[in-house]
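Novice: Quick note, the sequences are listed as chains A and B, same order.
Quick note: the first sequence uses my numbering, first residue 1, plus one each step.
Quick note: the second sequence uses my numbering, first residue 1001, plus one each step.
Glycine is no exception: its CB is placed at the ideal position from the N, C-alpha and C atoms.
Small disclaimer: the values here were computed from a predicted structure and weren't measured.
There's a structure below that I have some questions on.
2 protein chains.
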Amino acid sequence: MKQRINIVELARHLGLAVSTVSKAINDRGDVSDATKRRVLEAAEKFGFSPDPAGRRLRTQTSETIGFVLSPPQTHFAHPFFLDLLMGIDQNLSQTPFQLIIVAGRTLETELDSFRRLVERQRVDGVMFGRTRRDDPRIRYLQERNVPFVALGRSETGKPFPFVDIDRTVAGRNGTARFIGFGHRRIGLLSTPGYLMISHLLQEGYRAALKAAKLPFDADLVVETGTSEEEGLNGARRLLALSDPPTAIMCGHDLIATGAMQAIAETGRRPGVDIPVIGCDNHPLGPYLNPPLTTFSAPTFEAGRRMVDLLLALMDGRSAKELQEIWSPELILRSSHGSQLVAAGEI
Amino acid sequence: MKQRINIVELARHLGLAVSTVSKAINDRGDVSDATKRRVLEAAEKFGFSPDPAGRRLRTQTSETIGFVLSPPQTHFAHPFFLDLLMGIDQNLSQTPFQLIIVAGRTLETELDSFRRLVERQRVDGVMFGRTRRDDPRIRYLQERNVPFVALGRSETGKPFPFVDIDRTVAGRNGTARFIGFGHRRIGLLSTPGYLMISHLLQEGYRAALKAAKLPFDADLVVETGTSEEEGLNGARRLLALSDPPTAIMCGHDLIATGAMQAIAETGRRPGVDIPVIGCDNHPLGPYLNPPLTTFSAPTFEAGRRMVDLLLALMDGRSAKELQEIWSPELILRSSHGSQLVAAGEI
DNA sequence: GTTATTTACGAAATCGTTTTCGGAGATTTC
DNA sequence: GAAATCTCCGAAAACGATTTCGTAAATAAC
């Protein structure tokens, strides 16, 4: 390991006091431009940069923000969160903060990950996603008074900062689109019920039905996990109904993938006989059969923005002004019933 | 923020010296079992755990290992690396180390990410993937003498620890399979040439040709990026040849996805008229049209193992004994020419 | 019963930084 | 020209842990 120089040796080399050098490096006041320049040059020359350990000890900050990947694992075998991480990192790398990530193992032990993060690692801030209607993570963080920002809103606790890609509009617009095509019985394959996005999706779904004066039929909505297999099973249940849906709105592209599989199993053509719409714009959507119509999810940008919000929060801004709801946009491919589209819809 | 207790206050409460408390907490010798138990109980009661900043300052370690995501971004909109991270984290969470991740922006600035990691953050170890035949990252880390483990081997520098999911066997076995089906002209759609996996894939490809006494035709191998679009374009070039391949081996499932698209464009049926095999077992492979035959890539396990190797290296073990080459296994679906399989192959 | 050895604990130094406070010199004000 | 105000820099005190080394008591050896 190459020999490192510390701030006192650097100061000695310069014939200055350590305090002066420190102030120069951190661009605090009380040091002339001339010496500041001199210090910076010397630091560059000797390859000096302050040891984080020393600085953190003194300033009582960890310069660290933690991101916890939600369980279960299969949910994250998904480009979504990697994009999010990329966005977070890109923004964070412009700051002194570093990003540490931990993975919650199961729903039960997930809180332990949070505890380790704040009580042992002492992170300065926390980020996470997949908010739930009733979310113990939020309660914990608010109780400990640690700054955090979530991907998704929640019904839990006091106001907190979030970026929310609004599932309500996906549910409403997707369903409305099917209704516009003449469908009367529309299936909803939702993500797990405890998730906030599931609740919002169903709200949008109901709103669209109501606007069209269509009845709500509880048989038509089934909650599944966020995977292809679970989407497959959910769709099978839907299709086995005595009066099955003629179109299916899905809470996630992976679910939609399974759903199209289930439709094909019955000998019908997904996207033609039974149209399907997903959510979150999975990169392989265009390569499915048929190409999947879906709603956008600008996760990279969401990651960037979450960092902005967290920084603002730590800067003293109030949580209420740091809440953003983004509307996803419909991405038309062909699984939603392209023959109608071809007939003049676009 | 809840009031924290530090080690001197804890010691005062116990009527012990700080040194004794410290030794008890870290289970170093020189403290009786009785007082050790007493200290541990008190620590639990007061919710004390040592401040990482203080400990790191004193011990001159960062207790941090860094993972750098390779550029370009599109390569990572891929479950592969998320699984790897999950594996790494699962193993690392059993140790005092924390995982910090950074994303290399471009190939040019990637080294800066490494430099920031070791020279500023002062991580104790580094991990990364997508090794290259000539890899400046390896040179840098070896020169600085920082412990690291890579996903993939390389031709660069002195021996270092790695886990390598052997692309040679994918190239060889995939190609041999096609040859066994009677194909004489087999296309190879490889990942970018600078990557080690590309080199190994081609080696395997050539080996299979040689074993079957088939000629090598440079026109039949084209290197593309690791994305669907690039796979699409690469396959178009292959299919536009005057004497085009009758089967295509791909260095990646995303490439294979694009290739099947390209085949369909020409009016032929991918997997039937022109069989295709990919690599890395993308979770959506089974849902492509046709379902994609591919090679396994146990990335979660690889992540776990990489942590073992890194820890062993930091523990003084020699790099040479910390190199593992894993053979991927063929996962038969139907894109490799299922009609032949149905005819008795399985 | 004396001496040698072990065992258990404590005092103090140390890691590298930031920050407070004070003061000398330069500059402005009246 | 004296007083007041700025500018710039330095000495020293934290921050919270670990580790070395010394020493008293307890045990073992003879």
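Judging by CA-CA distance, which residue of B:L1310, B:V1221, B:V1307 and B:P1291 is the nearest neighbour of G1337 of chain B?
Specialist: Answer by Cα proximity: B:P1291.
Novice: Alpha carbon to alpha carbon, how far is T1168 of chain B from L1200 of chain B? Give it in angstroms, no decimals.
Specialist: Using only the alpha carbons, I get a separation of about 5 Å.
Novice: Counting only Cβ pairs nearer than 7 Å, list the residues of chain B close to L57 of chain A.
Specialist: Simply A1053, G1054 and L1057.
Novice: Once the 5 residues before and after G353 of chain A are set aside, which same chain residues still bring their CB inside 8 Å of it?
Specialist: No answer is possible for residue 353 of chain A: the residues shown for chain A start at 1 and end at 346.
Novice: Tell me which residues of the segment 249-260 of chain A have at least one Cβ-Cβ distance to chain B shorter than 7 Å, keeping chain order.
Specialist: Hits within the stretch, in order: T257.
Novice: Determine which residues share a DSSP beta bridge with E324 of chain A and list them.
Specialist: A:V163, per the DSSP bridge assignment.
Novice: Just verifying my parser: in three-state terms, what is the DSSP assignment at A208 of chain A?
Specialist: Residue state, collapsed to three classes: helix.
Novice: Output, in chain order, the set of chain B residues within a Cβ distance shorter than 9 Å of G271 of chain A.
Specialist: Result: empty, since nearest Cβ-Cβ is about 12 Å, beyond 9 Å.
Novice: Can you pull the chain B residues whose beta carbon is under 8 Å from the beta carbon of E119 of chain A, in chain order?
Specialist: Residues of chain B passing the Cβ test: G1047 and S1049.
Novice: Run through chain B and tell me which residues come within less than 9 Å of M314 of chain A, C-beta to C-beta.
Specialist: Going along chain B, no residue has its Cβ under 9 Å from M314 of chain A, so there is no contact; the nearest lies around 12 Å.
Novice: Keeping to the same chain, check which residues put their C-beta closer than 6 Å to that of H1075 of chain B; ignore five residues upstream and five downstream.
Specialist: Only weak support is given to the placement of H1075 of chain B: the predicted model assigns it a pLDDT of 45, under 50, and the value that follows is read from those uncertain coordinates. T1226, listed in sequence order.
Novice: Give the DSSP-derived three-state secondary structure of T1294 of chain B in the structure shown.
Specialist: If DSSP states are grouped into helix, strand and coil, T1294 of chain B belongs with the strands.
Novice: Where does R1132 of chain B sit, in a helix, a strand or coil, going by DSSP?
Specialist: Strand, per DSSP.
Novice: Tell me the DSSP secondary structure of E329 of chain A in three-state form.
Specialist: Residue state, collapsed to three classes: coil.
Novice: Leaving out the 5 sequence neighbours to the left and right, which residues in its chain are closer than 8 Å to P1215 of chain B when beta-carbon positions are compared?
Specialist: L1209, listed in sequence order.
Novice: For D135 of chain A, I'd like the list of residues in its chain whose CB is within less than 7 Å of its CB, leaving aside the five on either flank, ordered along the chain.
Specialist: Excluding residues within five positions, the ones whose Cβ falls inside 7 Å are S154 and T156.
Novice: Can you check which of these residues, A:G316, A:L310, A:I197 and A:E329, is closest to T293 of chain A by C-alpha distance?
Specialist: Taking only the C-alpha atoms, the option nearest T293 of chain A is A:E329.
Novice: Can you give the beta carbon distance from F67 of chain A to I88 of chain A, rounded, assuming they're within the 8 Å contact cut?
Specialist: So it is a contact: roughly 7 Å between Cβ atoms.
Novice: Where does P1275 of chain B fall in DSSP's three states?
Specialist: In this structure, P1275 of chain B counts as coil in the three-state DSSP scheme.
Novice: Kindly indicate if chain A contains any beta-carbon less than 9 Å away from that of P1215 of chain B.
Specialist: Cβ-Cβ to chain A under 9 Å: no for P1215 of chain B.
Novice: Can you have a look at T109 of chain A and say buried or exposed, based on whether 16 or more other CB atoms are within 10 angstroms of its CB?
Specialist: That one is exposed.
Novice: Using a C-beta cutoff of 9 Å, does N1233 of chain B count as contacting chain A?
Specialist: Output row for N1233 of chain B: interface = no.
Novice: From which residue to which residue does the alpha helix (DSSP H) around G1258 of chain B run?
Specialist: Looking at the DSSP string, the run of the alpha helix (DSSP H) that includes G1258 of chain B is D1253 to E1265.
Novice: Helix or strand or just coil, what does DSSP make of S1198 of chain B?
Specialist: Note: S1198 of chain B maps to helix in three-state DSSP.
Novice: Comparing the CB of R304 of chain A with every heavy atom of the ligand ATP, is any distance shorter than 8 Å?
Specialist: Inclusion of the ligand ATP in the displayed structure is not the case, the ligand content being empty and no account of it being possible.
Novice: Taking the beta carbon of S62 of chain A as the centre, do at least 16 other beta carbons fall within 10 Å, making it buried, or is it exposed?
Specialist: Classification for S62 of chain A: buried.
Novice: Strictly by DSSP, which residues pair up with Q121 of chain A?
Specialist: For Q121 of chain A, which the question treats as bridged, DSSP gives no partner whatsoever.
Novice: Which class does G187 of chain A belong to by DSSP, given the choice of helix, strand or coil?
Specialist: Strand at G187 of chain A.
Novice: Going by DSSP, what residue range makes up the beta strand (DSSP E) through G231 of chain A?
Specialist: No beta strand (DSSP E) contains G231 of chain A, which is instead part of the alpha helix (DSSP H) from E228 to L239.
Novice: Kindly identify the DSSP beta-bridge partner or partners of E1301 of chain B.
Specialist: Paired residue(s): none; E1301 of chain B is not in a bridge.
Novice: Return helix, strand or coil for H1075 of chain B, following the three-state DSSP convention.
Specialist: Any reading at H1075 of chain B needs caution, since the residue's pLDDT is 45, under 50, leaving its predicted position unreliable; the model's value is listed next. Correct three-state label for H1075 of chain B: helix.
Novice: Would you tell me roughly how many angstroms separate the C-alpha atoms of D1124 of chain B and Q1060 of chain B, rounded to the nearest one?
Specialist: Between D1124 of chain B and Q1060 of chain B, the C-alpha separation is close to 10 Å.
Novice: Evaluate V1008 of chain B with the Cβ neighbour count: other Cβ atoms within 10 Å of its Cβ, from every protein chain shown; 16 or more gives buried, anything less gives exposed.
Specialist: So V1008 of chain B counts as exposed.
Novice: Can you tell me whether R1184 of chain B is buried or exposed? The criterion is at least 16 other CB atoms within 10 Å of its CB, across all chains shown.
Specialist: Exposed is the call here.
Novice: If you drop the 5 nearest sequence neighbours on each side, which residues of the same chain put their C-beta closer than 6 Å to that of A1103 of chain B?
Specialist: If we look at A1103 of chain B and ignore the five residues flanking it on each side, its Cβ neighbours are L1069.
Novice: Would T175 of chain A and L151 of chain A qualify as a contact pair, given that the criterion is a beta-carbon distance under 9 Å?
Specialist: Taking 9 Å as the Cβ cut-off, T175 of chain A and L151 of chain A do not qualify as a contacting pair.
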